[in-house]
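In full-length UniProt numbering, the protein residues as written are 1 to 48. Contents: one structure, followed by commentary.
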């Protein structure tokens, strides 16, 4: 069960990173995210 949960968290993390990476600088600014913060934001989102 823990393996499945870890895999799902990793997939959520990767999906979030990919989606945020596609946004323009202006869109990221509107969200209050700097490009260097994308991995941190994605980790936070995946752990929920």
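Every residue, glycine too, gets a C-beta built ideally from N, C-alpha and C.
So is the beta-carbon of residue i under 7 Å away from any non-hydrogen atom of the ligand FAD?
i, result
"residue 30", "No copy of the ligand FAD appears in this structure; indeed no ligand is present at all."
So the alpha helix (DSSP H) residue i belongs to, where does it begin and stop?
i, result
"residue 19", "2-22"
"residue 38", "38-46"
On the criterion of 16 or more Cβ atoms from any shown chain inside 10 Å, does residue i qualify as buried, or is it exposed?
i, result
"residue 3", "exposed"
"residue 20", "buried"
Would you kindly work out how many angstroms separate the C-alpha atoms of residue i and residue j, rounded to a whole number?
i, j, result
"residue 15", "residue 6", "14 Å"
"residue 37", "residue 8", "21 Å"
"residue 43", "residue 28", "17 Å"
So residue i and residue j are in contact, right, with Cβ under 8 Å, and what is the actual spacing, rounded?
i, j, result
"residue 45", "residue 12", "7 Å"
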